[in-house]
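To start, the structure under review is shown below, and the notes come after it.
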Amino acid sequence: MAVIPVDIAGRPYEVRVGAGLLPDLVAQCGARLRKAAVPIVTDVNVHAQWGAVVDTALRAAGHEPHWRILPAGEQTKSWQELAATVDWLLGLEVERGDHVLALGGGVIGDLTGFCAAILKRGCNFIQIPTSLLAQVDSSVGGKTAINTAAGKNLVGAFHQPSLVLADLDVLGTLPERELRAGYAEVVKYGLLGDAAFFDWCEQNGAAMLAGDAALREYAVAHSVSAKARVVADDEFERTGTRALLNLGHTFGHALEAQTGFSDRLLHGEAVALGMVLAARYSARKGLMPPEEAERAARHIESMGLQARLPSLGLNCDGRVLVGHMLHDKKMDAGTLPFVLMRGIGQAFLDRQVDLADVTVFMDEELAR
Ligand code: NAD
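Just so we're aligned: the sequence shown equals residues 1043 to 1410 in our numbering.
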């Protein structure tokens, strides 16, 4: 098992990455489970695969699990589910010192984390991420949110978990498309700040996705370490360091918006193509050697992810896509910061990007 400390000032916690953590849940949580009753929020898919393992582990240690099993999918991050889940926790008389367990992908982690942030002005929670994306990204760092009619993740809070348990065994039941989408967030750490890790991804990414246990542990632990360093440095995304984690997200957000935040394009798939666009745009501006941008694109494509805009069948022009970018929550006093690249492993934040230029670039990419 790999143990990665997240050194948040005053509230440090651990991310534990390894096999067999779910059956060992009670020992892993230790004194955090201070009462018999344990509230667990999950979704139907995860519950069907892993509910019995968690239930058995808790009951064997004398705990009484209380399950809230939500529909799977992005629509669960809603005001309605937030209110209903908070009411459910209040009904269970959860106190501030108690821990709520979030067992699921990023949707369950974001919703449960936000419930914990506002319940009695903040109670504890433990992230038990079950998708690759959640293990390497969303369960670490304390961003919690729901979606509203105005857009995705527009209402939320920074609220750090007390512990993150990333059990690699759970990836065995994750649908392959979700696994590939999560891989985008793994390779992101290489592209944004770690050229040696990008080399590792080129050499080992395929075998890791195919199921090699040691490679999976390395990929998840290395990704978590990278995120932990950034989050400890800039917990509230104020200095710009944490914003680098948004590599590919501004371009990707436009693609997700144009495809209606639907199953047509998963978040990780949008980030993968978004990172290729960020690299190609950086090359077009002369910031990055074009062959490096194409190297990034080749790797993304070789992992079964899209690296070309026309393959999405978007049926729109560059102006429409840039219009979506203007509704991104990263807009800041009329400017939109972009994460661009000087090379593989060398991302930086550019606050001066000319959106007319991006529009022309997107039209070129749509015609590629
Ligand atoms: P998700 O939670 O919808 O999970 C994807 C699908 O896989 C769901 O159908 C789920 O039921 C299923 N699933 C998950 N684990 C499984 C398992 N082990 N076995 C079988 N099925 C399983 O989506 P996601 O990709 O995990 O997360 C996406 C969400 O994360 C988005 O809402 C995004 O905004 C959010 N996010 C948050 C952060 C953050 O820092 N808080 C960062 C990135 C993404």
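Yeah, the Cβ is synthetic: ideal placement off N, Cα and C, and Gly gets one too.
Source: prediction; values computed, not measured.
Beta-carbon separation of residue i and residue j under 8 Å?
| i | j | result |
| --- | --- | --- |
| glycine 1235 | glycine 1387 | yes |
| isoleucine 1082 | leucine 1143 | yes |
| leucine 1468 | leucine 1233 | In the structure displayed, the chain extends from 1043 to 1410; residue 1468 sits before or after that span and is not available. |
| serine 1324 | alanine 1335 | yes |
| valine 1212 | threonine 1172 | yes |
| lysine 1119 | glycine 1183 | no |
| valine 1266 | isoleucine 1111 | no |
| valine 1088 | glycine 1115 | no |
| leucine 1175 | glycine 1316 | no |
| arginine 1219 | leucine 1251 | no |
| glycine 1224 | valine 1272 | no |
| valine 1096 | leucine 1063 | no |
| valine 1068 | alanine 1099 | yes |
| glutamate 1106 | alanine 1079 | yes |
| proline 1159 | histidine 1201 | Sequence inspection shows alanine at residue 1159; the proline mentioned does not correspond to that position. Contact flag set, yes. |
| alanine 1349 | valine 1313 | no |
| glycine 1385 | proline 1331 | yes |
Name the one or two DSSP bridge partners that residue i has.
| i | result |
| --- | --- |
| asparagine 1166 | His1141 |
| alanine 1044 | Val1059 |
| aspartate 1392 | Phe1380 |
| valine 1206 | Val1057 and Gln1169 |
| glutamate 1106 | Ala1079 |
| proline 1112 | Correcting the residue identity first, residue 1112 is leucine in this sequence and not proline. Note: leucine 1112 sits in a beta bridge opposite Asp1085. |
Could you give the C-beta distance for residue i and residue j, rounded to a whole number, given that I count them as a contact under 8 Å?
| i | j | result |
| --- | --- | --- |
| tryptophan 1092 | leucine 1132 | Rounded, the Cβ-Cβ distance is 26 Å, inconsistent with contact. |
| phenylalanine 1156 | alanine 1199 | 6 Å |
| leucine 1391 | valine 1402 | Between valine 1402 and leucine 1391 the Cβ distance is about 22 Å, and since that is not below 8 Å, they are no contact. |
| leucine 1153 | leucine 1124 | 6 Å |
| arginine 1076 | glycine 1139 | 7 Å |
| methionine 1383 | alanine 1285 | Their Cβ separation, rounded to whole angstroms, is 14 Å, which puts methionine 1383 and alanine 1285 out of contact at 8 Å. |
| alanine 1238 | alanine 1044 | Not confirmed; about 18 Å, so no contact. |
Is the segment 1206–1216 touching the segment 1049–1062, taking contact as three or more C-beta pairs under 8 Å?
Judged by Cβ distances under 8 Å, the segment 1206–1216 makes contact with the segment 1049–1062, as three or more pairs qualify.
Check whether the segment 1293–1312 touches the segment 1366–1381, taking contact to mean three or more Cβ pairs, one atom from each stretch, closer than 8 Å.
Put simply, the segment 1293–1312 touches the segment 1366–1381. At least three CB pairs are less than 8 Å apart.
If we count Cβ pairs, one from each stretch, closer than 8 Å, do we get three or more for the segment 1395–1408 versus the segment 1355–1363?
Of all C-beta pairs linking the segment 1395–1408 to the segment 1355–1363, three or more are shorter than 8 Å, placing the two stretches in contact.
Taking one C-beta from the segment 1348–1356 and one from the segment 1297–1305 each time, how about it: are there three or more such pairs within less than 8 Å?
Yes, the segment 1348–1356 touches the segment 1297–1305.
Can we say the segment 1116–1129 touches the segment 1213–1222, given the rule of at least three CB pairs closer than 8 Å?
By the Cβ test, the segment 1116–1129 is not in contact with the segment 1213–1222, since fewer than three Cβ pairs between them sit closer than 8 Å.
Runs of alpha helix (DSSP H) lying entirely within the segment 1208–1277, each at least 4 residues, in chain order:
As far as the segment 1208–1277 is concerned, its whole alpha helix (DSSP H) runs of at least 4 residues are 1218–1235, 1237–1252 and 1255–1275.
Runs of alpha helix (DSSP H) lying entirely within the segment 1275–1353, each at least 4 residues, in chain order:
For the segment 1275–1353, the full-length alpha helix (DSSP H) segments reaching 4 residues or more read 1291–1300, 1309–1326 and 1332–1344 along the chain.
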